[in-house]
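Working notes, structure below.
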Amino acid sequence: MGRIIAIANQKGGVGKTTSSINLASTFAVLGKRVLLVDMDPQGNATSGLGIAKAQLRQHVYHALLDLAAPADVVRSTEVQGLDLMPANQSLAGAEIELVGAIARETRLRKVFQDLREQYDFIFIDCPPSLGLLTLNALTAADSVLVPLQCEFYAMEGLSQLMQTIKLIEANLNPALKLEGILLTMFDARNNICHQVAEDVTGHFGWKVFETVITRNVRLSEAPSHGKPINLYDPQSKGAVGYESLAKEILNRGEREQPRAVQA
Numbered sequence: 358m359g360r361i362i363a364i365a366n367q368k369g370g371v372g373k374t375t376s377s378i379n380l381a382s383t384f385a386v387l388g389k390r391v392l393l394v395d396m397d398p399q400g401n402a403t404s405g406l407g408i409a410k411a412q413l414r415q416h417v418y419h420a421l422l423d424l425a426a427p428a429d430v431v432r433s434t435e436v437q438g439l440d441l442m443p444a445n446q447s448l449a450g451a452e453i454e455l456v457g458a459i460a461r462e463t464r465l466r467k468v469f470q471d472l473r474e475q476y477d478f479i480f481i482d483c484p485p486s487l488g489l490l491t492l493n494a495l496t497a498a499d500s501v502l503v504p505l506q507c508e509f510y511a512m513e514g515l516s517q518l519m520q521t522i523k524l525i526e527a528n529l530n531p532a533l534k535l536e537g538i539l540l541t542m543f544d545a546r547n548n549i550c551h552q553v554a555e556d557v558t559g560h561f562g563w564k565v566f567e568t569v570i571t572r573n574v575r576l577s578e579a580p581s582h583g584k585p586i587n588l589y590d591p592q593s594k595g596a597v598g599y600e601s602l603a604k605e606i607l608n609r610g611e612r613e614q615p616r617a618v619q620a
């Protein structure tokens, strides 16, 4: 049965979609069967893998609202072993339509009932909010990975996200754990980056990944070409960073340490 990892942070611009695309692609290249689920109405994970959002006839919106079978929504990608459940702006309507629906928080969990048997890992790219779409993702997930940009305001909102995770763990998904906190956009020349890394590590300890994703031009360019970094420039620092992160996650999984969420 595949592991489901939600990649979430209600703050935008922290490298959430970049991490979702490149981590999923790296796991596929390492020989895992991977599904990436785009739960963001912006559909950036979809376009970042070279799929035209405007031409989609079926996407995650249809699976959530029982308008299509989940398997019919899944599409293959250029990366062998990596499938995508795409999204476009229609998904924004799901947030409203699900408000009055029965079991509205568990719709995505239902979508995964059969799909998770077909994959080793399912990654969910969450929207930059703590709304119903993110709630569905966290209710369906086994763990949550939090990308955190190394900037002055990085810690703002992190406490709120941790409280949300604890509430979901207490009420909707007792199995939900913190996979880890990923420091992104790190610039070794910037003192604030070092300060943020020190503060976050001091508070969360080993829950902060040892791997740090540095600022990298090639990593920023890859989405405009519809490719993950390990296809666009496999020798770049970005590709090396996400390969290191994937291996770290695999090693952590083998150790199976308990990960209580800390507010």
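If you read the sequence shown in the numbering used here, its first letter stands for residue 358, the second for the next number, and so on. Where is the CB? At the ideal position from N, CA and C, for every residue including glycine.
Bridge partner(s) assigned by DSSP for residue i
i    : result
M542 : Paired residue(s): none; M542 is not in a bridge.
P580 : Answer is none; P580 lacks a bridge partner.
S433 : D440
Where residue i falls: helix, strand or coil (DSSP)
i    : result
V371 : coil
E508 : coil
P410 : Checking the sequence shown, residue 410 turns out to be Lys, not Pro. K410 falls in the helix class under three-state DSSP.
G359 : coil
E454 : helix
G593 : The sequence given here has Ser at residue 593, not Gly. DSSP places S593 in coil when its eight states are reduced to three.
M519 : helix
G559 : helix
D471 : helix
L422 : coil
K534 : strand
E513 : coil
I459 : coil
S382 : helix
L387 : coil
Neighbourhood of residue i by C-beta distance below 8 Å, restricted to the same chain and skipping five residues each side
i    : result
D544 : C507, C550, T571, R572
K594 : T571, N573, R575, L576
Any non-hydrogen atom of the ligand NAD closer than 7 Å to residue i Cβ
i    : result
T541 : Looking at this structure, you won't find the ligand NAD or any other ligand, since it has none at all.
Own chain, CB closer than 7 Å to residue i, minus 5 neighbours either side, in chain order
i    : result
I364 : K373, S376, S377, F480, I481, D482, C483, L502, P504
L380 : F480, Y599, L602, A603
A620 : Only weak support exists for where A620 lies, its pLDDT of 42 falling under 50; the value from the coordinates is given anyway. S516, M519, Q520, K523.
G358 : Looking at the sequence itself, residue 358 is Met, so the reference to Gly does not match. Closer than 7 Å at the Cβ level, and outside the excluded window around M358, lie R473, E474.
Neighbourhood of residue i by C-beta distance below 6 Å, restricted to the same chain and skipping five residues each side
i    : result
G400 : K410, A444, N445
L441 : L393, L406, R432, T434
* To do: Decide yes or no for the touch test of the segment 420 to 430 against the segment 368 to 385: beta carbon pairs closer than 8 Å, at least 3 of them.
  => no
* Asked: On the three-pair Cβ rule with 8 Å, is the segment 406 to 413 touching the segment 481 to 495?
  -> no
* Asked: Counting pairs of Cβ atoms below 8 Å between the segment 553 to 569 and the segment 534 to 543, do you hit three or more?
  -> yes
* For the segment 524 to 534 against the segment 392 to 409, are there 3 or more C-beta pairs whose distance is under 8 Å? -> no
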